Each structure stands twice: as structure tokens, then as C-alpha cells.
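In terms of the UniProt record's numbering, the sequence shown opens at residue 1 and continues consecutively.
Yeah, the Cβ is synthetic: ideal placement off N, Cα and C, and Gly gets one too.
All values reported here derive from a predicted model rather than from experimental measurement.
Worksheet: the structure to be examined is printed underneath.
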Amino acid sequence: MTDPISWTEARETAWAAGYDAKPAPAELPFDDAAGSALAAPLVAVSDLPAFPTSAVDGWAVAGPGPWRIGGDVLAGQVPEALAAGAAVKIATGAQVPGGCEGIIRLEHAAVEDGFVDGPSAREWREAGEEARHGEELLPAGTPVTPPVIGLAAAAGHLTLPAHGKPRTRVVVFGDELLTSGVSGKGRIRDALGPMVPHLLAAAGADAGPSIGPVEDTLEAHVAALRDALAEADLVCTTGGTMVGPVDHLHAALAEIGAEYVLNTVAVRPGFPMLLARTGDGKFVAGLPGNPQSAVIAAVTVVAPLLAGLRGLPLPPLRTVELAEDVPGRGSFTHLALVDPAGRRLAHHGSAMLRGLAGAAGFAVIPPGAPDGAAAGSVVDLATVPGVSQ
Ligand SMILES: Nc1nc2c(c(=O)[nH]1)N[C@H]1C(S)=C(S)[C@@H](COP(=O)(O)OP(=O)(O)OC[C@H]3O[C@@H](n4cnc5c(N)ncnc54)[C@H](O)[C@@H]3O)O[C@H]1N2
Ligand code: MOO
1 MTDPISWTEA
11 RETAWAAGYD
21 AKPAPAELPF
31 DDAAGSALAA
41 PLVAVSDLPA
51 FPTSAVDGWA
61 VAGPGPWRIG
71 GDVLAGQVPE
81 ALAAGAAVKI
91 ATGAQVPGGC
101 EGIIRLEHAA
111 VEDGFVDGPS
121 AREWREAGEE
131 ARHGEELLPA
141 GTPVTPPVIG
151 LAAAAGHLTL
161 PAHGKPRTRV
171 VVFGDELLTS
181 GVSGKGRIRD
191 ALGPMVPHLL
201 AAAGADAGPS
211 IGPVEDTLEA
221 HVAALRDALA
231 EADLVCTTGG
241 TMVGPVDHLH
251 AALAEIGAEY
261 VLNTVAVRPG
271 FPMLLARTGD
281 GKFVAGLPGN
291 PQSAVIAAVT
301 VVAPLLAGLR
311 GLPLPPLRTV
321 ELAEDVPGRG
331 SFTHLALVDP
341 AGRRLAHHGS
351 AMLRGLAGAA
361 GFAVIPPGAP
371 DGAAAGSVVD
381 LATVPGVSQ
């Protein structure tokens with residue numbers, strides 16, 4: 001086994017591997033572009049608004065009042081120009097007629113004998129007020145968030161130039177695993193098959209359902225890896241990262257000709273995680289079998305890799321103020337479960353999920369701090385994809 005690389009270097013290495021391998025940008029439907037970054041500036045293909053637009057329900061008027069009522073303008077219609085002394089009823093969002101000099105809000109209008117009167121004002125949005133046709137709205141590199149998709153649609157687009165969603169599959173190893181029923185008699189429920197696809201989807205991937213549990217033989221591992229790689233850009237395996245009697249992952253990777261991008265990380269928990277690349281440029285992330293360690297591998301390696309593949313920067317770390325002392329792990333980074341107030345959680349063993357399920361994320365206690373980090377200190381917080389407390 002090679003020397004483990006530092007946790008910080010593992011994040012950066014996985015991100016850079018993804019960024020170097022990101023697919024060429026393409027014009028993608030919004031659903032596929034969501035979660036990527038704009039590969040070119042977003043430009044308005046019309047004025048915004050494209051025409052003067054009423055901001056209120058009211059009466060559009062021209063010339064001096066009171067005004068003779070002459071019909072309705074609803075949203076979606078192109079109105080005729082108003083003559084002086086005329087009024088038309090206008091809906092919010094409707095095109096303001098030419099010649100209009102003011103709009104009286106419905107609640108301020110007095111209507112009598114076919115005439116309307118009341119205080120009028122320029123209660124409309126001018127054409128081009130938000131953007132001019134051809135104007136750059138957002139620079140290349142902007143993350144494609146839901147508001148960006150809304151703006152793109154409003155500005156006249158049907159697609160966005162972006163890096164497509166990586167297709168991912170999860171392959172679960174372990175003869176001890178049950179996919180239904182309760183644990184007992186040496187068998188336990190598979191916690192990772194149901195969980196990891198949601199982590200991947202939250203990190204921006206197109207995540208198919210999990211495959212497995214795969215039989216604990218080298219042949220079955222190789223076949224499952226090959227099948228999953230045939231339909232995915234990234235395969236996440238769970239379990240089998242160590243060198244136990246039925247841990248076949250490393251041998252299976254050698255068999256398919258994959259090479260390590262990184263193999264083991266100086267972090268506790270999660271040490272035996274790995275990332276490998278196949279000859280045709282696809283990735284295999286090996287998540288350790290202990291469930292919390294698997295999540296740490298997803299946070300450390302998989303989320304940065306996916307960000308890179310989508311043209312996004314390395315996922316930023318947040319910070320948290322520790323409410324209590326947290327020990328270090330010698331020359332390894334310690335990822336310690338904390339709640340939003342910086343308190344450590346009970347049930348934080350690497351085989352457990354109970355603490356993690358209530359956590360804000362992992363406080364990052366750097367290596368080489370013999371006493372760890374003291375209460376009151378502010379440290380990095382690594383968050384889990386899909387968790388936002
Ligand atoms: N001699 C050593 N043994 C172990 C070491 C070590 O340094 N020396 N490291 C431990 C650490 S740290 C971890 S993490 C695990 C990693 O093991 P594997 O990735 O090979 O995983 P397995 O052996 O297959 O399983 C470990 C553990 O996790 C349970 N498991 C596996 N898959 C699932 C799943 N889908 N859902 C729920 N639980 C799962 C499995 O039953 C085992 O209990 O190795 C340590 N050993
Ligand atoms: O990583 Mo094992 O990653 O400590 O449970």
C-alpha cells in the first residue's frame with residue numbers, strides 16, 4: 001500500500017482529476033445543465049422586459065382626465081395606441097399601449113357613466129429596464145442554480161452551455177448484506193446502497209440505482225465493475241477497500257487495468273478510501289465499508305471529483321466554532337461530527353450513522369495538533385452533500 005496523502009491534498013487531487021476530465025461543454029436542456037457552471041457568458045436575446053409592461057392592475061390613460069373608457073388590455077395582448085382622453089383597463093404584466101401617459105390603480109379609480117378618474121402615475125416597467133438585447137447577464141463560470149435557470153428562460157433561452165451531468169452507479173460489495181428485513185445471524189442491512197445514490201445526486205450527478213450486493217469473489221467484482229462502467233462515468237464501490245480475506249477491490253481494479261489517482265488518505269475515519277481511473281478515462285471511487293467512512297470518502301473524494309467534472313470550483317468548506325475540545329488524530333486529519341452549534345455528537349463511531357444523521361457536518365481537526373482543537377476555536381467544516389443545516 002502506498003503512503004496516504006493528506007486530506008487537503010486528497011480533495012484537491014480528486015477535484016483536479018475531475019476538472020481535467022470534464023466533458024466538452026455542450027448546449028444542454030436546463031435539467032441537464034442544472035448544477036454545472038456556465039461554459040460561456042449568458043446573454044439576453046431580447047430586451048428585458050421586451051416591451052413596456054404594466055406593474056399594476058388599473059386603467060391606462062392618455063391626455064387630461066377624466067377619461068372615456070374604451071376596452072381592456074389583458075396580459076398577452078398587443079394593444080392599440082391610446083388617443084388623448086381615452087382609458088383602457090389594463091392587467092399587471094400586460095403591454096402598455098402607445099400614447100399611455102399614466103396608469104390609475106384599480107383601487108384608486110372612480111368609475112362613473114363610462115368615464116374613469118383618479119391619480120395616475122408611471123406604474124410600468126420600461127422596455128430594456130432589466131437588460132438590453134445582447135447584454136451579458138452572467139459571466140462564464142457562474143454555477144447554474146435555479147435562479148440562473150429562471151433568468152435564462154426569461155431572457156429567451158431553451159438551453160445553456162454547460163458540462164453534462166456525470167452518470168454514476170454505486171456497486172455494493174459484501175456477502176453479509178441484506179437488502180430487506182432486519183439484521184441478525186451475522187447478516188446486516190445494506191445502509192450504503194440506499195444512501196450513496198442520494199449523496200451523488202446531491203453532489204450534481206445523474207445517479208442510477210445501486211447494484212448489488214455483489215458476491216464476494218474476484219470474478220463477480222470484476223464483472224460488476226465492468227457492467228457498471230459500461231453505463232457510467234464514475235462508479236462508486238462500497239466495502240472491500242482493505243485487504244481482508246474477501247476484499248477484492250484492489251485486485252479487481254488491477255484486473256480491469258485501472259490506475260490509482262489516490263490510494264488511502266491520512267484521515268480518520270475513512271483512511272482506506274481510493275480513487276482510480278480506467279484506461280478510457282472513467283473513474284472508480286472506492287468507499288470504505290464502514291458507513292460513516294463511506295460518507296467521508298464521498299465528502300473527500302467524490303464531491304470534489306464531481307464538481308471538477310461539472311466545471312465547478314472545489315466545493316468550499318464552511319467554518320464552525322467548536323463548543324468543546326476535540327482531540328486530534330496525530331499525523332492524520334480528524335473529521336469529527338458536530339452539530340450546527342459546534343457540539344460533538346454521540347454515536348460517532350465509523351460503523352455508525354446515528355450521530356451523522358443529526359450532524360451539520362465534519363469539523364476538520366488538522367494533523368499535527370497534539371491537543372486537537374480547543375473549545376472556542378473556529379475550524380473548517382466539511383459538509384455532506386444534501387445536508388444543509
Ligand atoms: N487489519 C485492519 N483491519 C481494518 C483496518 C485496518 O487498518 N487494519 N481498517 C478498518 C477501517 S478504518 C475500515 S473503514 C474498514 C474498511 O473496510 P472495507 O472497505 O474493506 O470494508 P468491509 O470490510 O467490506 O466492511 C467494513 C465494515 O463495514 C460494513 N459494511 C460494509 N458494507 C456495508 C453496507 N453497504 N452497509 C452497511 N455496512 C456495511 C461491514 O459489514 C463491516 O462491518 O476496515 C477496517 N479494518
Ligand atoms: O476509516 Mo475506518 O475509516 O476509520 O472506519
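By the Cβ rule, the stretch 336-348 does not count as touching the stretch 275-287, because fewer than three pairs are nearer than 8 Å. Exclusion of the five residues before and after glycine 114 leaves Arg68 and Ile69 as the residues of its chain whose Cβ lies within less than 7 Å of its Cβ. Distances from the alpha-carbon of valine 43 to those of Lys89, Ala154 and Thr383 put Ala154 closest. Exposure of alanine 374 is indicated by the presence of fewer than 16 other C-beta atoms within 10 angstroms of its C-beta. For the set Thr92, Ala357, Ala62 and Leu225, the Cα lying nearest the Cα of serine 388 is the one of Ala357.
Distances from the alpha-carbon of aspartate 280 to those of Ala26, Ile256, Met242 and Pro313 put Ile256 closest. Considered as a whole, the stretch 81-158 harbours 146-154 as its complete alpha helix (DSSP H) runs of no fewer than 4 residues, in chain order. The bridge partners DSSP lists for valine 265 are Ile5.
When beta bridges are read from the DSSP output, proline 366 appears opposite no residue. Lysine 282 sits buried, since 16 or more C-beta atoms from the chains shown fall within 10 Å of its C-beta. Between the alpha carbons of glutamate 126 and proline 79 lies a distance of about 16 Å.
By the 16-neighbour rule on beta-carbons within 10 angstroms, proline 147 is exposed. Under a 10 Å Cβ-count criterion, aspartate 247 is classified as buried, with 16 or more other Cβ atoms of the shown protein chains found around its own Cβ. The stretch 6-23 makes no contact with the stretch 49-57, as fewer than three CB pairs between them are under 8 Å.
For histidine 334, DSSP records a beta bridge to Arg268 and Ile365. Burial of leucine 253 is indicated by the presence of at least 16 other C-beta atoms within 10 angstroms of its C-beta.
Between the stretch 70-89 and the stretch 162-175 there are fewer than three inter-stretch CB-CB distances shorter than 8 Å, so the stretches are not counted as touching. Cβ neighbours of glycine 99 within its own chain (closer than 6 Å, five residues either side excluded): Ala62, Ala81 and Leu82.
Remark: C-beta atoms of proline 385 and alanine 191 do not approach each other more closely than 7 Å. Excluding sequence positions up to five before and after valine 214, its CB lies within less than 7 Å of the CB of Val171, Val172, Phe173, Ala220, His221 and Ala224, all in the same chain and listed in chain order. Arginine 226: member of the alpha helix (DSSP H) spanning 218-230, first to last residue. Straight-line measurement puts the Cα of proline 316 at about 53 Å from the Cα of aspartate 72.
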